[in-house]
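To start, the structure under review is shown below, and the notes come after it.
Residue numbers (our numbering): 184 to 731.
What follows is the structure, encoded as structure tokens:
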């Protein structure tokens, strides 16, 4: 069995991928005199002044790594000399702080309107309760429409370009929200905010699957999603601090809230562009052997790697309608969609309503802002903990159901119509139950979509409809139901119950499919297909196993 290792060719960064008995010169591997263009086939392409040298080099690096990991004599055992934990730690430190900060600022900008409301935004703009709820709702329409197009653009551009670009856009829109003068202006900026923020969650979720295998991705997505919990908590504190700027330059405090948050997003976007890495094959902070290892385990993730029957099935990276069509015809996709709609409804119901509900309980505005922090910070810690547990046991659905049970307990306490302390305790419990579901539900989705193109299209397709859960939830907590909001909490209970039912059905279907495929493989059915055919079948291949 060949071993892939690296040999320093010069003091510093240069390295060579080698394996005993492997002719590097013949195959164009990364030797000290390696011609990247010749190895990748790029030298046969017409030379034109318009060719971007940096882009050409990136493509060459990707093709070289692909050549190495596609060799039939290279398996995971070939990388046995590498320290996997060290590699993951370097990737974590490079990727996770950036994506967590992006989501933190995205959710902070998106939900600032909830804190602005209790600072007088609704009154200053002369809005009725129905108009304000409409402003909350329209955000989700453009958000859903632009999710798939955004991921298509992400596939064509680099993540380090597209994700910071949309962040600059939503930062500008957030700043302009602080300048609106009436209902029409508010509707306009909310529509634009939805369009500009649409690409972040599906984009980052897909981006992380290009770096981490299926049973390591949830713990990383958890760091991305704690940005939501932290933004929900810090948003209250930030609004509390900004309230002291009321009247500065003749602007109300809620206007300063939007202006400052928007400027911060634009500044961070510029920094994010400078530090983001695009793909493992082009990661300068990894050695060539480490790049090959990361790319290898992703290429064969979820499929048989050859250990059982000698067939090593890669995940296809081909594009086209043939690979996107199954997204729209797969019943499993629609069950995942319903669970996501229910989940989003519960998350947004908590996030958008908590300041309003706490204030309606009799607390003054500043106290209501600060009282939103403890539930969110506790939920953030639980999100990280549960993500590691799920990855360790390689299970998703049982843990999601457990979290829903906690959330149902919390919503039940709130819906029972007790005193303010009971309601606050219920919200606290519900937040701790529902927020850890976020990375788990997303990991369940990405784990069970095989093939890069199907995953790139399927994920935003599911989330495109899931955001309507937020549109629905924005109308759960009506002014006329103040101060107990029993109707809103009952609706949250209903959404949680429907989500649980769909998850149970989905788990049963996944389990049945896995058992059937085990029997079919044991009977040798997989031998009827070529490796390429099994690869193109994606998660419908007899060699693929669903995560439950």
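We put the beta carbon where it would ideally sit given N, CA and C, even for glycine.
Could you round the C-beta distance between residue 391 and residue 523 to whole angstroms and report it? I think they count as a contact, below 8 angstroms.
Not quite, the Cβ-Cβ distance comes to about 17 angstroms (not below 8 angstroms), so this is no contact.
Note down the Cα distance separating residue 421 from residue 586, rounded to an integer number of angstroms.
29 angstroms
With C-beta atoms as the reference, is residue 538 less than 7 angstroms away from residue 611?
no
Mind the definition here: the region 411 to 420 touches the region 555 to 571 only if three or more C-beta pairs lie below 8 angstroms; say whether that holds.
yes
Alpha-carbon spacing of residue 277 relative to residue 723, whole angstroms
34 angstroms
Return helix, strand or coil for residue 258, following the three-state DSSP convention.
coil
Given a cut-off of 7 angstroms on the beta-carbon distance, is the pair residue 425 and residue 415 in contact?
no
Assuming residue 730 and residue 579 make a contact with CB atoms under 8 angstroms, what is their CB distance in whole Å?
6 angstroms
Which word fits residue 432, buried or exposed, when buried means at least 16 other C-beta atoms lie within 10 angstroms of its C-beta?
exposed
What span of residues does the alpha helix (DSSP H) with residue 390 cover, start to end?
383 to 392
Would you call the CB atoms of residue 616 and residue 589 closer than 7 angstroms?
yes
Is it the case that the Cβ atoms of residue 377 and residue 349 are separated by a distance below 7 angstroms?
no
Leaving out the 5 sequence neighbours to the left and right, which residues in its chain are closer than 6 angstroms to residue 735 when beta-carbon positions are compared?
Outside the shown range of the chain (184 to 731) lies residue 735, about which nothing can therefore be said.
Nearest-angstrom Cα separation, counted from residue 515 out to residue 711:
25 angstroms
How many Å lie between residue 733 and residue 366 at the Cα?
The displayed coordinates of the chain run from 184 to 731. Any statement about residue 733 would go beyond what the structure contains.
Separation of residue 644 from residue 520, as counted between CA atoms:
8 angstroms
Taking residue 273 as the reference, which of 635, 609, 477 has the closest Cα?
477
How many Å lie between residue 718 and residue 345 at the Cα?
29 angstroms
Under 8 angstroms by Cβ, that's how I've got residue 620 and residue 655 pegged, so tell me the actual separation to the nearest angstrom.
That pair is no contact at about 17 angstroms.
To the nearest angstrom, report how far apart residue 531 and residue 640 are at their CA atoms.
24 angstroms
Return the residue from the list 455, 457, 456, 472 that minimises the CA-CA distance to residue 463.
472
Measure the CB-CB distance between residue 536 and residue 441 and report whether it falls below 7 angstroms.
no
Short check: CB of residue 372 to CB of residue 452, under 7 angstroms?
no
Between the Cα of residue 496 and those of 244, 245, 258, spot the shortest distance and give me the residue it belongs to.
258
Separation of residue 385 from residue 715, as counted between CA atoms
28 angstroms
Along the chain, where does the alpha helix (DSSP H) that runs through residue 358 open and close?
342 to 360
Just to confirm my understanding: we take residue 708, look at its own chain, exclude 5 residues before and 5 after, and list those with CB closer than 6 angstroms. What are they?
725
4 or more residues per run - each alpha helix (DSSP H) lying fully within the region 650 to 707:
651 to 656, 669 to 705
With distances taken between CB atoms, is the gap from residue 154 to residue 554 smaller than 7 angstroms?
With the chain running from 184 to 731 in the structure shown, residue 154 is simply not present.
Residue 642 versus residue 301: straight-line alpha-carbon distance, rounded
35 angstroms
Would the beta-carbon of residue 598 fall within 7 angstroms of that of residue 672?
yes
From which residue to which residue does the alpha helix (DSSP H) around residue 570 run?
556 to 576
In the DSSP assignment, find the alpha helix (DSSP H) that holds residue 302 and state where it starts and stops.
Looking at the DSSP string, residue 302 is not in any alpha helix (DSSP H), and its letter there is neither H nor E.
Using CA atoms only, rank isn't needed, just tell me which of 403, 380, 448 is closest to residue 323.
380
On the premise that residue 389 lies in contact with residue 574, defined as a C-beta separation below 8 angstroms, what is that separation, rounded to the nearest angstrom?
About 18 angstroms; that fails the 8 angstroms criterion.
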